[in-house]
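So the protein sequences, as listed, match chains C and U. Residue 480 is where the first sequence starts when you use this note's numbering, and the numbers rise one by one after that. Residue 480 is where the second sequence starts when you use this note's numbering, and the numbers rise one by one after that.
2 protein chains.
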Amino acid sequence: MTKQFNLEQALLSDYDTSWTKDGVSGERIAKRLDALSQIGLTTQNGVTRVGFSQLEQQAKELVIGWMKDANMKVTQDGAGNVVGRVTGQNEDVPSIASGSHVDSVPEGGHFDGPLGVIAALEVAEAWKEQGFTPLKPYEVYIFTDEEGSRFNGGLTGSRTMTGVLDMSEQVTLKDSDGLSFEEVLATTGKTVEEFYKATRSDIGIERFIEVHIEQGKILEKANLPVGIVKGIAGPSWTEFRFEGKAGHAGNTPMNDRQDALVAASELVLFIEKAPITISTTGVATVGKLDVEPNGSNVIPGKVTLNADIRDIEEETRDLIVSSVVNKAQEIALARNVNVIITEKMRTSPVPIGEDMLGILNSVLDEMNIENKYLVSGAAHDTMILGAKIPVAMIFARSKDGVSHNPAEWTTLTDCTISAHMLKQAIELCMER
Amino acid sequence: MTKQFNLEQALLSDYDTSWTKDGVSGERIAKRLDALSQIGLTTQNGVTRVGFSQLEQQAKELVIGWMKDANMKVTQDGAGNVVGRVTGQNEDVPSIASGSHVDSVPEGGHFDGPLGVIAALEVAEAWKEQGFTPLKPYEVYIFTDEEGSRFNGGLTGSRTMTGVLDMSEQVTLKDSDGLSFEEVLATTGKTVEEFYKATRSDIGIERFIEVHIEQGKILEKANLPVGIVKGIAGPSWTEFRFEGKAGHAGNTPMNDRQDALVAASELVLFIEKAPITISTTGVATVGKLDVEPNGSNVIPGKVTLNADIRDIEEETRDLIVSSVVNKAQEIALARNVNVIITEKMRTSPVPIGEDMLGILNSVLDEMNIENKYLVSGAAHDTMILGAKIPVAMIFARSKDGVSHNPAEWTTLTDCTISAHMLKQAIELCMER
Numbered sequence: 480m481t482k483q484f485n486l487e488q489a490l491l492s493d494y495d496t497s498w499t500k501d502g503v504s505g506e507r508i509a510k511r512l513d514a515l516s517q518i519g520l521t522t523q524n525g526v527t528r529v530g531f532s533q534l535e536q537q538a539k540e541l542v543i544g545w546m547k548d549a550n551m552k553v554t555q556d557g558a559g560n561v562v563g564r565v566t567g568q569n570e571d572v573p574s575i576a577s578g579s580h581v582d583s584v585p586e587g588g589h590f591d592g593p594l595g596v597i598a599a600l601e602v603a604e605a606w607k608e609q610g611f612t613p614l615k616p617y618e619v620y621i622f623t624d625e626e627g628s629r630f631n632g633g634l635t636g637s638r639t640m641t642g643v644l645d646m647s648e649q650v651t652l653k654d655s656d657g658l659s660f661e662e663v664l665a666t667t668g669k670t671v672e673e674f675y676k677a678t679r680s681d682i683g684i685e686r687f688i689e690v691h692i693e694q695g696k697i698l699e700k701a702n703l704p705v706g707i708v709k710g711i712a713g714p715s716w717t718e719f720r721f722e723g724k725a726g727h728a729g730n731t732p733m734n735d736r737q738d739a740l741v742a743a744s745e746l747v748l749f750i751e752k753a754p755i756t757i758s759t760t761g762v763a764t765v766g767k768l769d770v771e772p773n774g775s776n777v778i779p780g781k782v783t784l785n786a787d788i789r790d791i792e793e794e795t796r797d798l799i800v801s802s803v804v805n806k807a808q809e810i811a812l813a814r815n816v817n818v819i820i821t822e823k824m825r826t827s828p829v830p831i832g833e834d835m836l837g838i839l840n841s842v843l844d845e846m847n848i849e850n851k852y853l854v855s856g857a858a859h860d861t862m863i864l865g866a867k868i869p870v871a872m873i874f875a876r877s878k879d880g881v882s883h884n885p886a887e888w889t890t891l892t893d894c895t896i897s898a899h900m901l902k903q904a905i906e907l908c909m910e911r
Numbered sequence: 480m481t482k483q484f485n486l487e488q489a490l491l492s493d494y495d496t497s498w499t500k501d502g503v504s505g506e507r508i509a510k511r512l513d514a515l516s517q518i519g520l521t522t523q524n525g526v527t528r529v530g531f532s533q534l535e536q537q538a539k540e541l542v543i544g545w546m547k548d549a550n551m552k553v554t555q556d557g558a559g560n561v562v563g564r565v566t567g568q569n570e571d572v573p574s575i576a577s578g579s580h581v582d583s584v585p586e587g588g589h590f591d592g593p594l595g596v597i598a599a600l601e602v603a604e605a606w607k608e609q610g611f612t613p614l615k616p617y618e619v620y621i622f623t624d625e626e627g628s629r630f631n632g633g634l635t636g637s638r639t640m641t642g643v644l645d646m647s648e649q650v651t652l653k654d655s656d657g658l659s660f661e662e663v664l665a666t667t668g669k670t671v672e673e674f675y676k677a678t679r680s681d682i683g684i685e686r687f688i689e690v691h692i693e694q695g696k697i698l699e700k701a702n703l704p705v706g707i708v709k710g711i712a713g714p715s716w717t718e719f720r721f722e723g724k725a726g727h728a729g730n731t732p733m734n735d736r737q738d739a740l741v742a743a744s745e746l747v748l749f750i751e752k753a754p755i756t757i758s759t760t761g762v763a764t765v766g767k768l769d770v771e772p773n774g775s776n777v778i779p780g781k782v783t784l785n786a787d788i789r790d791i792e793e794e795t796r797d798l799i800v801s802s803v804v805n806k807a808q809e810i811a812l813a814r815n816v817n818v819i820i821t822e823k824m825r826t827s828p829v830p831i832g833e834d835m836l837g838i839l840n841s842v843l844d845e846m847n848i849e850n851k852y853l854v855s856g857a858a859h860d861t862m863i864l865g866a867k868i869p870v871a872m873i874f875a876r877s878k879d880g881v882s883h884n885p886a887e888w889t890t891l892t893d894c895t896i897s898a899h900m901l902k903q904a905i906e907l908c909m910e911r
């Protein structure tokens, strides 16, 4: 039977086979990305494999099989997190670890998550081939429900494991079909009791490195296969609700208006420029803006907008946020409207430590690849681990920067280069 | 039985009875406004009496009774327009006329429309009391469906009578309950055949003056009971659809964005300032703005907004529109986004002629009331008639400028002053 979608073939058609070396196999990576792509494949040749679904569990079990073939010891905790472990020469020390997730957003792509898991597994495969035993234990993680599509959350597995998830709140959640978290857990063979036990008092990991697709265009523009993440931006969400006065668009003179939309527009333009003077890595976006009553001939009485502000340093991120808050108050005063400001979320950014950056830099030097620092604007499980232990991330080039979409694409050559980079970095971590 | 809402009592509690003179009676105006208020009275003490409803027809029949008591000859055409006629000394000439409407928006007020009909009727009542026979015929009009709430149109009666309504399109309309225009007409005892016959080849009116509440705050601020409308602004609606590129709010650097909302915001701010340098009477409003996909962490890919631009002179109105269109194109170019510009509506403004302004000015001089020129930002049946014959409008002061709302209020003193002003103006028209 011909497959509807053959990711393996597509990947191999554009692969520089010289990268299959030192135990790392581009052909194996292609086969595995393809095998995962078939679980939850959509008619658009994308994938819908949301967190806590049976499809996510099915994908994990496929990877568990590969882990076992690579002589790893496999465990799965009550939150569904999978750990495959390569025994180290010294088993009494915390592990060096890598991994990512296998869940996707609805109609997502085949690289966001799977690449990080398969690249991590490739390190173990390569060592097996090379007959190499690491000094310390090496662990490959599959974190559950990174995307959070089902319960509007995200990073659920890593947050459970590290104890930062509010579990008593989590168990009250319902998905869009009205199924409770407990009922959903049951469909993957888990219970709430086991879920509660998934939190570790000691994380047991010394260092963690995640391979992920860039989801941006910087590496593509720089013509580089991989890059080093120098920080994971912590998002801050602030809601601004401007309250002016609705009125007739024809009968209200221009000098007697309290138009909430012009006030909001002034803030939107300020937000666009807000990061510039404060930080080169900061970004600020108004993605959501709602006008009331939103009638063509009615002066807007109320406008609510959300400012999403991120940076890799908390200090500069917070400086941008306060500059926006101040500006909103200044606009409201000048325009005789009210503004109600509500902080909706404030996550700490995770700057990558010098030590981990040094490791990745020396690997790139050895690979003769120009060093390009990147910022991760999106959150990743590594951000959660980064609050506890030294972490790092390797980004692989994304075609057109597209992500969360069936068109998501990273060439097999770039995927394989990222696996090499990870392997060398993990080996350096073993020696620290 | 105690009435739920006693408009008569409320009006009389604050009435300067010295204005009941020369045959014009504030007490009668109060009684009649009250009687109309009971037809379609809502629990909020507002009124819901939409065009082409049985309630609108009931209100017309109440007025028809008053017309007959005032010795007027009454006819109703196929569009439901009511005409009450006082015989003139010369019946072979076109009439001098006044009037307004008795339909309302849903949950509207008790003055927008009814005041114009009752004030027009008061002229006939006064003449009857004074034993005065005008030189020319005098007609009082009740135009059907001025507000257009039922079929999303408006000015339906006056547009039908003057032949500017697309009747073949009108008969295809359905209301929000799915009733066809024909079915709705039938509920008020009319047929489509009669409706088609309501268009007049010769309008038969020499001059028309409408009394209406201001629906703005200018007279209130100037502490004046009435004012002269110097022009009815013609609205132009232009839709601007900015198309940029959606993207991740965290992963897209600030200098690599095609954000449709910042482009739109720049235009919103330009639109606010656009009238200033071109016209003192122009107004420009963005009342409706929709963001796509409107997610907090997604750079807006598409934004659609409507610019409502009005002025009493077509030339300046159109100059404001073109300045906005040019700016939109300039913004799109500078920000590397597309903009699709669609004209949705362009109605000609009706400036009031010098002759009619002269008549109203001399009346105000005689009444010893300071002359205040106003612009009507909203459309009125008079605007439709104004394309054919000389017209004028008298505005009565509105409390807080509120309209289309149960809180709509004009004091009985101001109502009565407007009736006096109308009567004297009509009498001057008779002599021209």
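Note that CB positions come from ideal geometry on N, CA and C, so glycine has one too. It should be emphasised that the depicted structure is a prediction, and the values quoted were computed from it without experimental measurement.
Inclusion of C/G636 and C/D624 in the CB contact set at 9 angstroms is warranted, their separation being smaller than that value. Interface criterion met: the Cβ of U/W716 is under 9 angstroms from a Cβ in chain C. Within 10 angstroms of the beta-carbon of C/L812 lie fewer than 16 other beta-carbons, which makes it exposed. Residue-level contact by beta carbon fails for C/N840 and chain U, as no gap is shorter than 9 angstroms. Looking at the backbone, the Cα of C/V854 and that of C/V663 are separated by about 35 angstroms. With respect to the C-alpha of U/E601, the residue from U/E626, U/D548, U/I788 and U/L839 having the closest C-alpha is U/D548. Contact annotation, C/V542 with C/S583: C-beta distance approximately 14 angstroms; criterion of less than 8 angstroms not satisfied. Below 8 angstroms, enough C-beta pairs join the region 852-870 of chain C and the region 707-716 of chain C to call them touching: three or more. As for any alpha helix (DSSP H) of minimum length 4 sitting wholly inside the region 585-646 of chain C, the runs are 593-609 and 635-641, ordered along the chain. For the pair C/K539 and C/V572, the CB atoms are not nearer than the 9 angstroms cut-off.
Burial state of C/S827 is exposed, judged by a 10 Å Cβ sphere holding fewer than 16 other Cβ atoms.
Contact annotation: in the region 781-799 of chain C, residues whose CB is within less than 7 angstroms of a CB in chain U are N785, D787 and R789. Under the DSSP definition of a beta bridge, C/M824 partners with C/W716. Fewer than three pairs of CB atoms, one per stretch, sit closer than 8 angstroms, so the region 833-852 of chain U makes no contact with the region 554-561 of chain U. Rounded to the nearest angstrom, the gap between the Cα atoms of C/T554 and C/I791 is 33 angstroms. Taking C-beta separations shorter than 6 angstroms and ignoring five residues to either side along the sequence, the partners of C/F622 in its chain run N560, H580, G636, S637 and D860, following chain order. Only residues of its own chain outside the window of five on either side were considered, and among them S659 have a CB closer than 7 angstroms to the CB of C/K653, listed in chain order. Under a criterion of Cβ atoms nearer than 7 angstroms, the residues of chain U adjacent to C/S775 are, in order, W716, G766, K767, N785 and D787. Sequence-distant partners of U/T821 (beyond 5 residues in either direction) whose C-beta falls short of 6 angstroms from its own C-beta, in its chain, are E718.
U/D738 is classed as buried because its beta carbon has at least 16 other beta carbons within 10 Å across all chains shown.
For secondary structure counted as the alpha helix (DSSP H) over 4 or more consecutive residues, the region 650-696 of chain U holds these complete runs in sequence order: 660-666 and 671-675. Comparing alpha carbon positions, the residue from U/R876, U/P714, U/A514 and U/F484 closest to U/L703 is U/R876. Look at C/S897 here: in three-state DSSP terms it is helix. Close partners of C/S882 in chain U (Cβ separation under 8 angstroms): H727 and N730.
Taking the Cα of U/A763 as reference, the smallest distance to any Cα among U/G865, U/I755 and U/V770 is reached at U/I755. Per the C-alpha coordinates, the member of C/E845, C/F531 and C/V870 positioned closest to C/T670 is C/F531. Interface criterion not met: the Cβ of C/G636 is under 9 angstroms from no Cβ in chain U. According to the DSSP assignment, U/D571 belongs to no beta strand (DSSP E), since it is labelled neither H nor E. Secondary structure at U/F721: strand, using DSSP grouped into helix, strand and coil. Shown here for C/S775: not one same chain residue has a beta carbon closer than 6 angstroms to its own, the five before and five after excluded.
Spanning the alpha carbons of U/G557 and U/V650 requires a straight line of approximately 13 angstroms. In this chain, U/I518 is not harboured by any alpha helix (DSSP H), its DSSP state being neither H nor E. Distance from the Cα of C/L746 is smallest, within the candidate group C/N730, C/D735, C/A725 and C/R720, for C/R720. Only residues of its own chain outside the window of five on either side were considered, and among them A725, G726, H727 and A728 have a CB closer than 8 angstroms to the CB of C/V777, listed in chain order. Exclusion of the five residues before and after C/E487 leaves A509, K510 and D513 as the residues of its chain whose Cβ lies within less than 7 angstroms of its Cβ. Contact between C/I873 and C/M846 is ruled out by a C-beta separation of about 11 angstroms, above the 8 angstroms threshold.
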